[in-house]
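*Asks:* One structure, pasted below without further comment.
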Amino acid sequence: MLPIQALTPASWPDYELIDCGNFEKLERFGKYIVARPEPQAVWDKSLPEQEWNKLAGAWFRREEGDKDRNSERGKWHTRPGQPDKWWMHYQRGKMDLQLKLSLSSFKHVGIFPEQAVNWDYLTEKIRSMKVPHPRLLNLFAYTGVASLAARHAGAEVTHVDSVKQVITWARESMEASRLDGIRWMVEDAPKFVAREIRRGNRYQGLVLDPPAYGRGPNGEKWVLEEQINELLKNCAQILDPDNYFCIINLYSIGFSPLIVENLVNGIFGKVAHMEIGELYLPDRFGKRLPLGIFCRFASY
Numbered sequence: 081m082l083p084i085q086a087l088t089p090a091s092w093p094d095y096e097l098i099d100c101g102n103f104e105k106l107e108r109f110g111k112y113i114v115a116r117p118e119p120q121a122v123w124d125k126s127l128p129e130q131e132w133n134k135l136a137g138a139w140f141r142r143e144e145g146d147k148d149r150n151s152e153r154g155k156w157h158t159r160p161g162q163p164d165k166w167w168m169h170y171q172r173g174k175m176d177l178q179l180k181l182s183l184s185s186f187k188h189v190g191i192f193p194e195q196a197v198n199w200d201y202l203t204e205k206i207r208s209m210k211v212p213h214p215r216l217l218n219l220f221a222y223t224g225v226a227s228l229a230a231r232h233a234g235a236e237v238t239h240v241d242s243v244k245q246v247i248t249w250a251r252e253s254m255e256a257s258r259l260d261g262i263r264w265m266v267e268d269a270p271k272f273v274a275r276e277i278r279r280g281n282r283y284q285g286l287v288l289d290p291p292a293y294g295r296g297p298n299g300e301k302w303v304l305e306e307q308i309n310e311l312l313k314n315c316a317q318i319l320d321p322d323n324y325f326c327i328i329n330l331y332s333i334g335f336s337p338l339i340v341e342n343l344v345n346g347i348f349g350k351v352a353h354m355e356i357g358e359l360y361l362p363d364r365f366g367k368r369l370p371l372g373i374f375c376r377f378a379s380y
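The numbers in my numbering rise by one with no breaks, and the one at position 53 of the sequence shown is 133.
Structure (structure tokens):
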């Protein structure tokens, strides 16, 4: 059995988890601070409530009567000076990505900061791959920071998401980052993969970040526990057998690293260079907030 790792991003001037607890987190994105729900922060806050209220420019509150801590529907409440949309940077070496943020109706702001460890990983893998201009497929790609990082590293990127507005959002960040050439697909991810199998297309890089539940552009239903096995089987058919890397992220409280390890070993075989574990963000007080599990592996 592989050792279970716990990974967190390197220092990032434009992002900080200030505090977390009582099912909330207080974060700084660029120069703006927001408070929003976090179902895994089951401990007490370190800062008093008055300090949270003093620091935050925006608070997300679930809909009235909604007692489901995993619910993502609700409304933002802002104080004067807090914009609905703003920009932040992600810089690593020569890469300087300009990322658009927005107070969405689903508690999200446009990025998942803990994923920075995977943006760095795919950048390194693309740059060290012997295949010139490797092809990368980003499924359930959301606002696409992974797509931007891969494109900056020299990959030919296909970005698949079921929500047209989200792809428009990702395109704005691409253009602001002075990048181009990403292939945008408003599509149901399982259907897209099945079609790529029929076409005989192969990819050297694969990124999967599926939600626990979701809908395709034509109402296709996605349930992680019911469909992840079949999707990974199909993904194995479009991954280059000789030169490849794969990143799988799962944010579902019912899943564990061992489940993902069993899935990968059963579908891809005993792959070399595999890492598995949890992603987390530390706050100012040393608390470590878990934010999903990951599995990544490569042929080199």
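By construction, the Cβ of each residue, glycine as well, lies at the ideal position given by its N, Cα and C atoms.
(1) Taking the continuous beta strand (DSSP E) assigned at leucine 97, which residues delimit it?
(2) Under DSSP, the beta strand (DSSP E) around valine 382 begins and ends at which residues?
(3) Quick check: the region 306-326 against the region 280-294, are there 3 or more CB pairs under 8 Å?
(4) Short of 7 Å in beta carbon distance, which residues of its chain neighbour aspartate 320, apart from the five on each side in sequence? Order them along the chain.
(5) With a floor of 4 residues, list each alpha helix (DSSP H) that falls wholly inside the region 163-248, ordered by position along the chain.
(6) Ends of the beta strand (DSSP E) at valine 344?
(7) Which residue or residues does DSSP assign as beta-bridge partners of valine 303?
(8) Apart from the five residues on each side of it in sequence, which residues of its chain come closer than 8 Å, Cβ to Cβ, to lysine 271?
(9) Name the residue from Phe220, Ser182, Leu371 whose alpha carbon lies nearest to the alpha carbon of proline 290.
(10) Among Gln178, Gln171, Ser184, which one has its Cα closest to the Cα of alanine 90?
(11) Any chance the region 301-310 sits against the region 247-256, with 3 or more Cβ pairs inside 8 Å?
(12) Count the other CB atoms within 10 Å of the CB of methionine 81; is the residue buried (16 or more) or exposed (fewer)?
(13) Here's a check: name, in chain order, each residue in its chain whose Cβ is nearer than 6 Å to the Cβ of proline 337, leaving out the five neighbours to either side.
(14) Thinking valine 225 and leucine 179 are a contact (beta carbons under 8 Å), I'd like their distance in whole angstroms, please.
(15) Quick one: what does DSSP say tryptophan 132 is sitting in, helix, strand or coil?
(16) My parser needs the beta strand (DSSP E) runs of 3 or more residues fully inside the region 255-286; what are they?
(17) What's the call for valine 246, buried or exposed, on a 16-neighbour Cβ count within 10 Å?
(18) Residues bridged to proline 362 by DSSP?
(19) Following the continuous beta strand (DSSP E) through alanine 115, name the residue where it begins and the one where it ends.
(20) Whole-angstrom Cβ separation of glutamate 104 and isoleucine 113, contact assumed at under 8 Å?
(21) Quick one, are the C-beta atoms of arginine 368 and aspartate 99 less than 8 Å apart?
(22) What three-state label does DSSP hand leucine 311 in the structure shown?
*Replies:* The relevant details are as follows:
(1) 95-101
(2) Shown here, the chain extends from 81 to 380; a query on residue 382 therefore has no answer.
(3) yes
(4) Arg282, Tyr283, Gln284
(5) 196-208, 225-233
(6) Careful: valine 344 lies outside any beta strand (DSSP E), inside the alpha helix (DSSP H) at 337-348.
(7) Tyr293
(8) Gly296, Glu300
(9) Phe220
(10) Gln171
(11) no
(12) exposed
(13) Ile84, Ile356, Gly357, Ile373
(14) 6 Å
(15) helix
(16) 263-266
(17) buried
(18) Arg368
(19) 112-117
(20) That pair is no contact at about 13 Å.
(21) no
(22) helix
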